[in-house]
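The working numbering applies: residue 381 is where the sequence shown begins, and numbers increase by one.
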Amino acid sequence: MELAYCTGTVQDVCVRRTIDLDKELARELDRVVSLTKEKPAVVIRHALRAGLPVVSNRFQAPRPAGYFADSYPRPEDRQALQAAMLKVPQRRKR
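Following this line, the structure appears as structure tokens:
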């Protein structure tokens, strides 16, 4: 009887980056580190993960008007009701 051993390897990719922080940002980082009791690298990773979508959304073109209209079709009876309600004069209640 022979046994075959699997010698698969796991690669752990560790990327180190250098970040220059101004004094105000360094103080803010120190404050958050003291609040969370985490390492500065962990806080920076969390901040990047939370902030990158916001940054990318700023540089994306806005969606055209009616972009999601096909995703949420409206029934004809609801549209007829809305058209009828637009014709009814609205009065403020006192």
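All C-beta atoms in this analysis are idealised placements derived from N, C-alpha and C, irrespective of residue type, glycine included. Everything numeric in this text was worked out from a predicted model, so none of it was measured.
Check                                                                       : Outcome
Under 9 Å between C-beta atoms of VAL422 and LEU409                         : no
Cα-Cα separation between PRO469 and ARG454, rounded to whole angstroms      : 24 Å
Nearest to ARG396 (by Cα), restricted to the options LEU415, ARG425, PRO444 : ARG425
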